[in-house]
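In this note's numbering, the protein residues as written are 184 to 563.
Beneath this line is the structure, given in structure tokens, with notes to follow.
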Amino acid sequence: MKRGTVGLCALLCALTLAGCGGTEQPDSAPAAVDSPVAGKKVAYIMQMAPSDIFQMWSQAAQETAEGLGMEYDAFFCGGSDAQWQDTVSQCAATGYDGLLLSHGGQNYAYTFLNDLLEQYPDLKIVTFDTQFKDSDGQTRTLDGVTQFFQQDAQFAQLLLEYVCEELYPEKTAAGEPVNLLKVWVGPNFLSPFDRRQEGYAAYEEAGLIRTVETIGPADFSNAEASMADITSATLAKYQPGEIDAIWCCYDLYASGVYTALTQGGYEIPMVSVDICNADIEKMAREGSPWKACATTNWNYNGEFGMRVLALELSGNYDAIIDPMTGEAASWLELPTTVVTQDMVSGGGINVTNLDTVAGTSYTDRSWMPTTDWMAELLGD
184 MKRGTVGLCA
194 LLCALTLAGC
204 GGTEQPDSAP
214 AAVDSPVAGK
224 KVAYIMQMAP
234 SDIFQMWSQA
244 AQETAEGLGM
254 EYDAFFCGGS
264 DAQWQDTVSQ
274 CAATGYDGLL
284 LSHGGQNYAY
294 TFLNDLLEQY
304 PDLKIVTFDT
314 QFKDSDGQTR
324 TLDGVTQFFQ
334 QDAQFAQLLL
344 EYVCEELYPE
354 KTAAGEPVNL
364 LKVWVGPNFL
374 SPFDRRQEGY
384 AAYEEAGLIR
394 TVETIGPADF
404 SNAEASMADI
414 TSATLAKYQP
424 GEIDAIWCCY
434 DLYASGVYTA
444 LTQGGYEIPM
454 VSVDICNADI
464 EKMAREGSPW
474 KACATTNWNY
484 NGEFGMRVLA
494 LELSGNYDAI
504 IDPMTGEAAS
514 WLELPTTVVT
524 QDMVSGGGIN
534 VTNLDTVAGT
544 SYTDRSWMPT
554 TDWMAELLGD
């Protein structure tokens, strides 16, 4: 198995008090807290390559696992579905207690993981951005498996709210739709894209926006360059003022749009979903058309996933709470926020220190799942 291992953490001992004489020990000394998951072996297995945000994810997951006394490994599979499945299978076979799985394909994840759990019924699994669909295309769930996602519809809605209220308030106040070039691929191309479309469609149906045209990459093996070419060709068909803004469902595609806008000298603002260091750098440039990104806090994402896996391993399923509803659930969605050009224009901002400028919605932790023992061990 080809494995990109981020790190193997040493097993931490349960927290104990330093030994003192009986009469010397203050009555107010805190009681030791034993971790119910101490010694458990867990892994984060990501279908994609280790980009900025997923390195952040892995580091946060690792710190959380260490704080709870677990052993941690991370594997990145370079975009290979076959390698992802092989890695998951081998981790299960070699005795991992829990797996945090990211970006499994919806065309195989349900059947693959269902078969895996039949073979390893004690294995605990949490998935991120991994839709379960059966051979008939019906959405399914797996008993004991928690699925979580970003709140993709909210991504679209927050960006469109920004476009309508911040970029074109006069048109919105007058009841005129904002004319958008939409960068999107679907339906049934990628489940997060489909969920983002739901939020987009709500604004369209309300008459707040009008889609001039929908475009996407022609070459997915080189999507950024493809989007630059396609955007340039598309913009050449329209007169100034016919497109008010460009909405992008994914920041890799948006990077190609940015190239087309800047090289072509177009003064059309653009917004996008997801974020990375390169996005922030482009947003911060003087005169940049890239006005906003919608994102989640990727440090929190990794911590959230590992907390949920620890709660599964300890049997505390009732403490696994959906941040969007406040109720116990097996399908969870993480709240999103908008990072604007104004926030990053001062320079020196990247994904690791974004919390210093992105506001309270980005740094809010009130929705993080926990229990008494977890709060004691992790310090919150």
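We put the CB at the ideal spot given by N, CA and C, even for glycine.
Everything numeric in this text was worked out from a predicted model, so none of it was measured.
| message | For Gly-327 and Ser-409, I'd like the C-alpha separation in whole angstroms. | response | Here residue 327 is taken as the residue at index 144 of the sequence shown, counted from 1. Here residue 409 is taken as the residue at index 226 of the sequence shown, counted from 1. In a straight line, the C-alpha of Gly-327 is about 41 Å away from that of Ser-409.
| said: Considering only the alpha carbon of each residue, which of Tyr-279, Thr-479, Gly-262 and Asp-434 lies closest to Tyr-255? | reply: To locate residue 255, count along the sequence shown from 1; it is residue 72. Ranking Tyr-279, Thr-479, Gly-262 and Asp-434 by Cα distance to Tyr-255 puts Tyr-279 first.
| query | Going by DSSP, which residues form a beta bridge with Gly-281? | reply | Taking the sequence shown and counting its residues from 1, the one referred to as residue 281 is at position 98. Gly-281 is bridged to Val-225 and Lys-307.
| task | Would you list, in sequence order, the uninterrupted beta strand (DSSP E) runs of no fewer than 3 residues that lie entirely inside the segment 313-353? | result | The qualifying runs are 329-333.
| field | Option nearest Ala-482 by Cα separation, candidates Ala-244, Pro-233, Ala-232 and Pro-219 | value | Position 299 of the sequence shown, counted from the first residue, corresponds to residue 482. The sequence given here has Asn at residue 482, not Ala. Closest by C-alpha distance to Asn-482, out of Ala-244, Pro-233, Ala-232 and Pro-219, is Ala-244.
| field | Where Phe-258 falls: helix, strand or coil (DSSP) | value | Position 75 of the sequence shown, counted from the first residue, corresponds to residue 258. It is a strand residue.
| said: When you compare the CB positions of Leu-435 and Ala-416, do they come within less than 7 Å of one another, or not? | reply: For this step, residue 435 is matched to residue 252 along the sequence shown. For this step, residue 416 is matched to residue 233 along the sequence shown. No, the Cβ-Cβ distance between Leu-435 and Ala-416 is not below 7 Å.
| request: Indicate whether Tyr-441 and Lys-465 have their beta-carbon atoms separated by less than 7 Å. | output: Counting from one through the sequence shown, the residue named residue 441 turns up at place 258. Counting from one through the sequence shown, the residue named residue 465 turns up at place 282. Yes; because the gap between Cβ atoms is below 7 Å, this pair is in contact.
| message | Here's the rule: buried if 16 or more other CB atoms are within 10 angstroms of the residue's CB, otherwise exposed. What is Asn-371? | response | Counting from one through the sequence shown, the residue named residue 371 turns up at place 188. The residue in question, Asn-371, is exposed, as its Cβ has fewer than 16 Cβ neighbours within 10 Å.
| field | Contacting residues, own chain, Cβ-Cβ under 6 Å from Ala-558 (five flanking each side not counted) | value | What you label residue 558 is simply residue 375 of the sequence shown in a count that begins at 1. Cβ neighbours of Ala-558 beyond the five flanking positions: none.
| field | Candidates Gln-230, Thr-322 and Met-507, of which the one nearest Gln-314 by Cα | value | What you label residue 314 is simply residue 131 of the sequence shown in a count that begins at 1. Among Gln-230, Thr-322 and Met-507, the Cα nearest to that of Gln-314 belongs to Thr-322.
| task | Alpha carbon to alpha carbon, how far is Ala-493 from Gln-524? Give it in angstroms, no decimals. | result | Along the sequence shown, one-based indexing puts residue 524 at 341. Along the sequence shown, one-based indexing puts residue 493 at 310. Roughly 37 Å between the two C-alpha positions.
| field | Beta-carbon proximity list for Pro-452, same chain, < 7 Å, skipping 5 on both sides | value | For the purposes of this step, residue 452 is identified with residue 269 of the sequence shown, where counting begins at 1. So the qualifying residues of the chain are Leu-350, Ala-428, Pro-472 and Lys-474.
| DSSP beta-bridge partners for Val-521? | On the sequence shown, position 338 is the one that residue 521 refers to. Paired residues: Ala-477.
| request: Let me know the secondary structure DSSP gives Ser-409 once reduced to three states. | output: Sequence index remark: in the sequence shown, residue 409 carries index 226 (1-based). Helix.
| message | Let me make sure I understand the geometry here. Which of Glu-353, Phe-332, Lys-354 and Asp-501 has the alpha-carbon closest to that of Asp-377? | response | Within the sequence shown, residue 377 is the residue found at index 194, counting from 1. The option with the nearest alpha carbon to Asp-377 is Phe-332.
| task | Pull up the distance between the alpha-carbon of Tyr-421 and that of Ile-308, whole angstroms please. | result | Position 238 of the sequence shown, counting from 1, holds the residue named residue 421. Position 125 of the sequence shown, counting from 1, holds the residue named residue 308. Their Cα atoms are separated by approximately 49 Å.
| request: Check whether the segment 498-508 touches the segment 258-269, taking contact to mean three or more Cβ pairs, one atom from each stretch, closer than 8 Å. | output: Contact between the segment 498-508 and the segment 258-269 is absent: fewer than three C-beta pairs spanning the two stretches fall below 8 Å.
| request: Since I believe Leu-341 is in contact with Thr-310 (beta carbons under 8 Å), could you give me their beta-carbon distance rounded to a whole number of angstroms? | output: One-based indexing of the sequence shown puts residue 310 at position 127. One-based indexing of the sequence shown puts residue 341 at position 158. The pair is not a contact, with the Cβ atoms about 24 Å apart (cut-off 8 Å).
| query | Taking the alpha helix (DSSP H) that Ser-544 falls in, what are its first and last residues? | reply | Residue mapping note: residue 544 aligns to position 361 of the sequence shown, counting from 1. Ser-544 -> alpha helix (DSSP H) spans 543-546.
| task | Alpha carbon to alpha carbon, how far is Thr-554 from Ser-211? Give it in angstroms, no decimals. | result | For the purposes of this step, residue 211 is taken as the residue at position 28 of the sequence shown. For the purposes of this step, residue 554 is taken as the residue at position 371 of the sequence shown. With a pLDDT of only 38 at Ser-211, under the threshold of 50, the placement of this residue in the model should not be trusted; the figure read from the coordinates follows. Those two C-alpha atoms are separated by around 22 Å.
| Length of the line joining the Cα atoms of Val-346 and Tyr-293 | Position 163 of the sequence shown, counted from the start, is the residue given in the question as residue 346. Position 110 of the sequence shown, counted from the start, is the residue given in the question as residue 293. Val-346 and Tyr-293 have their C-alpha atoms some 37 Å from each other.
| field | 7 Å Cβ cutoff met for Asp-468 and Pro-552 | value | Counting from one through the sequence shown, the residue named residue 468 turns up at place 285. Counting from one through the sequence shown, the residue named residue 552 turns up at place 369. Sequence check: residue 468 is Arg here, not Asp. Between Arg-468 and Pro-552, the CB-CB gap reaches or exceeds 7 Å.
| Does DSSP put Val-216 in a helix, a strand or coil? | Counting from one through the sequence shown, the residue named residue 216 turns up at place 33. Of the three classes helix, strand and coil, the one that applies to Val-216 here is coil, per DSSP.
| Is Val-271 near Trp-556, with beta carbons less than 7 Å apart? | Working through the sequence shown from its first residue, we reach residue 271 at position 88. Working through the sequence shown from its first residue, we reach residue 556 at position 373. Against a cut-off of 7 Å, the Cβ pair of Trp-556 and Val-271 comes out as no contact.
| task | Please list the segments of the beta strand (DSSP E) lying wholly inside the segment 435-490, counting only runs of 3 or more residues, in order along the chain. | result | DSSP runs (the beta strand (DSSP E)) wholly in the segment 435-490: 453-456 and 473-478.
| field | Spatial distance of Glu-359 from Pro-400 (CA atoms) | value | Along the sequence shown, one-based indexing puts residue 359 at 176. Along the sequence shown, one-based indexing puts residue 400 at 217. Using only the alpha carbons, I get a separation of about 30 Å.
| field | Lys-365 versus Gly-447 - alpha carbon distance | value | On the sequence shown, position 182 is the one that residue 365 refers to. On the sequence shown, position 264 is the one that residue 447 refers to. Rounded to the nearest whole angstrom, the C-alpha separation of Lys-365 and Gly-447 is 18 Å.
| query | Taking the alpha carbon of Ser-455 as the point to measure from, which residue in Trp-367, Glu-381, Ser-513 and Asp-402 has its own alpha carbon closest? | reply | By one-based count along the sequence shown, residue 455 stands at place 272. Distance check between Ser-455 and each of Trp-367, Glu-381, Ser-513 and Asp-402 places Trp-367 closest, using alpha-carbon atoms only.
| request: In angstroms with no decimal places, state the Cα-to-Cα distance between Met-253 and Val-220. | output: What you label residue 253 is simply residue 70 of the sequence shown in a count that begins at 1. What you label residue 220 is simply residue 37 of the sequence shown in a count that begins at 1. Roughly 7 Å separates the two Cα atoms.
| message | Tell me the rounded alpha-carbon separation between Asp-305 and Ile-413. | response | Working through the sequence shown from its first residue, we reach residue 305 at position 122. Working through the sequence shown from its first residue, we reach residue 413 at position 230. C-alpha separation (whole angstroms): 49 Å.
| request: Output the boundary residues of the alpha helix (DSSP H) element that contains Ala-558. | output: The count along the sequence shown starts at 1 and reaches residue 558 at position 375. Ala-558 -> alpha helix (DSSP H) spans 555-561.
| What three-state label does DSSP hand Ile-236 in the structure shown? | Position 53 of the sequence shown, counting from 1, holds the residue named residue 236. Looking at Ile-236 - three-state DSSP - the assignment turns out to be helix.
| message | For Arg-186, which residues in the same chain have their Cβ closer than 7 Å to its Cβ, ignoring the five residues on either side in sequence? | response | As a working mapping, residue 186 is identified with position 3 in the sequence shown. Because Arg-186 carries a pLDDT of 38, less than 50, the predicted location of this residue cannot be relied on, and the following value inherits that uncertainty. Result list for Arg-186: Phe-258 and Thr-270, in chain order.
| Alpha carbon to alpha carbon, how far is Val-225 from Ser-528? | Numbered from 1 along the sequence shown, position 42 holds the residue referred to as residue 225. Numbered from 1 along the sequence shown, position 345 holds the residue referred to as residue 528. Distance between the alpha carbons of Val-225 and Ser-528 is about 39 Å.
| message | Let me check one thing: in DSSP terms, what residues is Asn-362 bridge-paired to? | response | Reading the sequence shown from its first residue, position 179 is the one you call residue 362. Asn-362 is bridged to Arg-393.
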